[in-house]
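Chemist:
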Amino acid sequence: MSLMVGGGLITRELYRLPERPPAVVVAPPSGTTLPPTEQPGSPVVQLTPDAAAHPQHEDVRALLQQYFDSINSINYEAWKNTVTRARVQAKPRSVWESDYRSTKDGSILVYRIDSLPKGNLRVSLAFTSIQDPSAAPKELRASCLRWKLVLPLTLEGGHLRVDAAVTGSPAPEMSRC
10 MSLMVGGGLI TRELYRLPER PPAVVVAPPS GTTLPPTEQP GSPVVQLTPD AAAHPQHEDV
70 RALLQQYFDS INSINYEAWK NTVTRARVQA KPRSVWESDY RSTKDGSILV YRIDSLPKGN
130 LRVSLAFTSI QDPSAAPKEL RASCLRWKLV LPLTLEGGHL RVDAAVTGSP APEMSRC
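Note that the numbering used here gives residue 14 to position 5 of the sequence shown, counting from 1, and the numbers run on in steps of one.
(1) For the candidate residues W156, D59, A61, T112, whose alpha-carbon lies nearest to that of N84?
(2) When the distance is taken between beta carbons, is V132 closer than 8 Å to I122?
(3) Taking the alpha carbon of V69 as the point to measure from, which residue in S124, K147, W156, R150 has its own alpha carbon closest?
(4) Use the C-beta contact count for Q140: other C-beta atoms within 10 angstroms, 16 or more gives buried, fewer gives exposed.
(5) Going by DSSP in three states, Q75 sits in which element: helix, strand or coil?
(6) From Q74, K147, Y120, pick the residue whose C-alpha is nearest to that of L158; which is it?
(7) Based on Cα-Cα distance, which residue from Y109, T91, L162 lies nearest to P126?
(8) Taking only the alpha-carbon atoms, compute the straight-line gap between M183 and N81 and give it to the nearest angstrom.
(9) By how many angstroms is the C-alpha of V171 removed from the C-alpha of E106?
(10) Would you kindly work out how many angstroms separate the C-alpha atoms of V7 and A87, rounded to a whole number?
(11) Report, in whole angstroms, the separation of the C-beta atoms of S138 and W156, which I expect to be a contact under 8 Å.
(12) Spatial neighbours of S51 within its chain, please: CB distance less than 7 Å, with the 5 preceding and 5 following residues excluded, ordered by chain position.
(13) According to DSSP, P161 sits in a beta bridge with which residue or residues?
(14) Comparing alpha-carbon positions, which option in A71, F77, H66, V175 lies nearest F136?
(15) To the nearest angstrom, how far is the alpha carbon of R185 from that of L73?
(16) Indicate the three-state DSSP secondary structure (helix, strand or coil) for R150 in the structure shown.
(17) Which class does H63 belong to by DSSP, given the choice of helix, strand or coil?
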């Protein structure tokens, strides 16, 4: 009998499916802000429970992590692999490097992921950016900005890519940190 129980336990361990590492999930922010010296916060893309419930949450998180990592490291080639061809054409290297030369993004939180036709997605997120005020948007020249926006993700060549804002979608919101 003990041989059968022992064999059963060994078999169970051998055939156990590997556990999938969980996505980074956090509760919605409490409204507390980081001190200026700690801005922009962690560069790790995090998800609310609502966003983590979407079946493509890990693909979205991985894409956005690569997207923000490319900006934080000022790596145009890596950024090109995260966006659509149309965005690459609209932002040649010289313009992109000028726009992001001093940018660091953090406190990145995906609130919601919505499925759209043709495998496309719409992602609601917020993040904090620090930059030289001269590189900030003309509407708000500040060294630290909090952003809330909706990013369209488009299937291109079989892969999700960050697309340009769609006409009629809400304009990005920004406020001084």
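Virtual Cβ for every residue (Gly too), placed ideally from N, Cα, C. Remember, it's a predicted structure, so these values are computed and weren't measured experimentally.
Modeler: Based on what the coordinates show:
(1) As a position in the sequence shown, residue 84 is number 75, starting the count at 1. N84 has its Cα closest to that of T112, out of W156, D59, A61, T112.
(2) Position 113 of the sequence shown, counting from 1, holds the residue named residue 122. Position 123 of the sequence shown, counting from 1, holds the residue named residue 132. Yes.
(3) Here residue 69 refers to the residue found at position 60 when the sequence shown is read from its first residue. Among S124, K147, W156, R150, the Cα nearest to that of V69 is on S124.
(4) Here residue 140 refers to the residue found at position 131 of the sequence shown. Burial call: buried.
(5) If you number the sequence shown from 1, residue 75 lands on position 66. It is helical.
(6) Along the sequence shown, one-based indexing puts residue 158 at 149. Y120 is the residue among Q74, K147, Y120 whose C-alpha sits nearest the C-alpha of L158.
(7) Against the sequence shown, residue 126 aligns to sequence position 117. Ranking Y109, T91, L162 by Cα distance to P126 puts L162 first.
(8) As a first step, residue 183 is located in the sequence shown; it is residue number 174 there, counting from the start. As a first step, residue 81 is located in the sequence shown; it is residue number 72 there, counting from the start. Answer to the nearest angstrom: the Cα atoms are 19 Å apart.
(9) Here residue 106 corresponds to residue number 97 of the sequence shown, with the count starting at 1. Here residue 171 corresponds to residue number 162 of the sequence shown, with the count starting at 1. Their backbone Cα atoms lie some 18 Å apart in a straight line.
(10) No statement about residue 7 is possible, as the shown extent of the chain runs from 10 to 186 and does not include it.
(11) Taking the first residue of the sequence shown as 1, we reach residue 138 at position 129. Taking the first residue of the sequence shown as 1, we reach residue 156 at position 147. About 6 Å separates the beta carbon of S138 from that of W156, a gap short enough to meet the 8 Å contact definition.
(12) Within the sequence shown, numbered from 1, the residue matching residue 51 stands at position 42. Excluding sequence neighbours, S51 sits near G115, S116.
(13) Here the question's residue 161 lines up with position 152 in the sequence shown. Its beta-bridge partners are R131.
(14) Here the question's residue 136 lines up with position 127 in the sequence shown. When each option's Cα is compared against that of F136, the closest is F77.
(15) Along the sequence shown, read from residue 1 onward, the residue named residue 185 stands at position 176. Along the sequence shown, read from residue 1 onward, the residue named residue 73 stands at position 64. When rounded, the distance between both Cα atoms is 23 Å.
(16) Residue numbering aside, residue 150 sits at position 141 when the sequence shown is read from its first letter. Residue state, collapsed to three classes: coil.
(17) Here residue 63 refers to the residue found at position 54 when the sequence shown is read from its first residue. Coil, per DSSP.
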